[in-house]
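A quick write-up on the structure given underneath.
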Amino acid sequence: MRRDHGRASRHALLRAAKQRMLVHAARVLRGTIRAHRAFARLSRASDARERRVQRRGQRHAQRRAYRGHPYKCKSR
């Protein structure tokens, strides 16, 4: 796979992978309570992952804004 660091393309790839995963889970565990639970867990996990990615972007912007600040600026 090409390792370009375009944010939009990576986000699109993640979204496509998430959709495939959800569809696959529904097909494998069709018609059971377990299927519903697995489906909900997968969608919750991927939503949390997306939120985490967005939050990381915000944190990075904050870190840039507080460059050189003794408390807020991390050394990373």
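Residue 49 in full-length UniProt numbering sits at position 49 of the sequence shown, and the numbers go up by one each step. By construction, the Cβ of each residue, glycine as well, lies at the ideal position given by its N, Cα and C atoms.
Per-residue burial, residue i [other beta carbons within 10 Å of its own, 16 or more giving buried]
i     : result
ARG76 : Note that ARG76 scores 48 on pLDDT, short of 50, meaning its location in the model is unreliable and no value can be drawn from it.
ALA12 : exposed
Below-7 Å beta-carbon distance, residue i vs any chain B residue
i     : result
ALA17 : Considering every chain present, this structure includes no chain B. It has just one protein chain.
Cβ-heavy atom distance, residue i to the ligand NAD, below 6 Å
i     : result
SER46 : For the ligand NAD, the structure offers nothing, since it holds no ligand at all.
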